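Numbered according to the numbering used here, the sequence shown terminates at residue 370, and the numbering increases by one at each position without gaps.
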Amino acid sequence: MLRAHTAKRLLQNVISPDQYDFWAREMGSITAWERCFARVVSCKEEAQDTVSLTLRPNGNFPGYDAGQHMNLSATIGGRRITRSYSFTSSPDQPGLVSVTVRRDPQGAMSDWLCREARPGAVLEINGVFGDMTLAQIQPEPEDHMVLLAAGSGITPFMSLIRARLTQSPAAKVTLLYWERSPEYFCFNAELDALTRQYPNFVLHRLTTQSPMDGKSVSGRVDAEQLNDLLGSEVVDKHAQPLAFICGGAGFVQSARALMADRARQIFAEAFSPLKAAPTIEKAETHSVTLLHSQRVLQVSNQETLLDALERQGVAVESGCRMGICNTCSCATAAGRTRDITTGQFHSGQATRLCVSQAVSNLQLDL
Ligand SMILES: Cc1cc2nc3c(=O)[nH]c(=O)nc-3n(C[C@H](O)[C@H](O)[C@H](O)COP(=O)(O)OP(=O)(O)OC[C@H]3O[C@@H](n4cnc5c(N)ncnc54)[C@H](O)[C@@H]3O)c2cc1C
Ligand code: FES
5 MLRAHTAKRL
15 LQNVISPDQY
25 DFWAREMGSI
35 TAWERCFARV
45 VSCKEEAQDT
55 VSLTLRPNGN
65 FPGYDAGQHM
75 NLSATIGGRR
85 ITRSYSFTSS
95 PDQPGLVSVT
105 VRRDPQGAMS
115 DWLCREARPG
125 AVLEINGVFG
135 DMTLAQIQPE
145 PEDHMVLLAA
155 GSGITPFMSL
165 IRARLTQSPA
175 AKVTLLYWER
185 SPEYFCFNAE
195 LDALTRQYPN
205 FVLHRLTTQS
215 PMDGKSVSGR
225 VDAEQLNDLL
235 GSEVVDKHAQ
245 PLAFICGGAG
255 FVQSARALMA
265 DRARQIFAEA
275 FSPLKAAPTI
285 EKAETHSVTL
295 LHSQRVLQVS
305 NQETLLDALE
315 RQGVAVESGC
325 RMGICNTCSC
335 ATAAGRTRDI
345 TTGQFHSGQA
355 TRLCVSQAVS
365 NLQLDL
């Protein structure tokens, strides 16, 4: 480590970090000064429209905890695109990480990752984030964890379930997993193996559109279904499970409301933006000054600053695009913004451009 540090210091006299990274990439290497490049080493069709990619990151990879996500960037059609994906691998597997991507045929990144990212392709990992981890939550060994996943919401739970059962092999873990039809279920072999290995791990696969194994369609999450699967008995709050919810925004909202009386605590993450607080009624245009380039743009108060800047060709680093990862955060030197997730107004602080609208003229540290 020390030697690498010394070598970097000496090299810095003859080549800048950006030049080093550029030439390393030109020569086909994923080595970099500070940036974390990762090479795709294998691709596996996980389920219908879903591919698992295994990546080998370079030495700048910061590591991760089970349940966390990374921002992954690729250059697609000459444009750099970044999206968030959850780690589906186990943090104790050295040197390799995996993600499982559900393809959105209209999507910029997922379609490319599922169809084009073959072994040898190089992606960039731009930060690791997420609080739905065992280290943050610190469940007691006797706590029952109930996990509700819909669609690609299963991804962070794969590493979380493995971590929980490895740390506390006798802990009760129940997974309720919804897909629209049977061919979309992921990680079948691994989940079935876990049910055999840990009798205290209970798995229910549920479909919303097509029947499975001769059973009727279970339908979207509702109270009756949860009564059937988790029991309808009213128990003392202290004896209630910890609930973990992950999926699209609609699923997360419904499941959170339905679990409110059933769980001692709820941890939820949505993979699509939650319904925004009502937009500002009167449409107005404000000028935004980008302090680094002194460029002045006109933006509407009806769209997020990130959308408005990108539409006008300003490249802004982003990741989750829903206010979680902080990648798009930028200092506001002057002016007021409104957070669309809370409806609150802010001035003079770091603004997450993906969830903020302009409510006055602004000066951004961009
Ligand atoms: C914390 C986190 C973890 C995640 N983990 C995973 C994971 O493990 N696996 C996984 O598959 N996904 C995961 N996601 C979702 C993932 O980040 C992407 O959102 C998803 O892959 C779609 O990205 P895309 O670039 O393909 O689609 P995008 O280009 O972002 O488009 C998404 C949809 O919006 C539509 N759209 C785009 N722009 C507009 C517009 N201006 N107006 C109207 N419609 C528009 C598109 O047609 C498309 O249908 C996660 C998200 C978060 C926030
Ligand atoms: S892109 Fe993640 S907070 Fe804005």
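Even glycine gets a Cβ: it sits at the ideal position worked out from N, Cα and C. Quick caveat: nothing in here was measured; it's all calculated off a predicted structure.
The C-alpha of PRO109 lies about 6 Å from the C-alpha of ASP115. A distance criterion of 7 Å places the beta-carbon of ILE165 beyond contact range of ligand 1, judged by its closest non-hydrogen atom. In the three-state reduction of the DSSP assignment, ASN62 falls in the coil class, being assigned neither a helical nor a strand state. Within the DSSP bridge table, the entry for ASP343 names SER360 as partners.
For ASN330, the Cβ falls inside the 7 Å cut-off from some heavy atom of ligand 2. Here the alpha carbons of ASP369 and PHE65 stand approximately 28 Å from one another. For CYS118, the enclosing alpha helix (DSSP H) has its first and last residue at 114–119.
Taking the Cα positions, SER56 is about 37 Å away from ILE19. Of the candidates THR345, CYS324 and ILE328, the residue whose Cα lies closest to the Cα of ILE85 is CYS324.
Rounded to the nearest whole angstrom, the C-alpha separation of GLN97 and ARG106 is 23 Å. Residue side-chain check: MET326 places its Cβ nearer than 7 Å to a non-hydrogen atom of ligand 1. Counting the other CB atoms within 10 Å of its CB gives ASN231 a total below 16, which places it among the exposed residues. A direct Cα-Cα distance of roughly 33 Å separates GLN171 from PRO123.
Burial of HIS73 is indicated by the presence of at least 16 other C-beta atoms within 10 angstroms of its C-beta.
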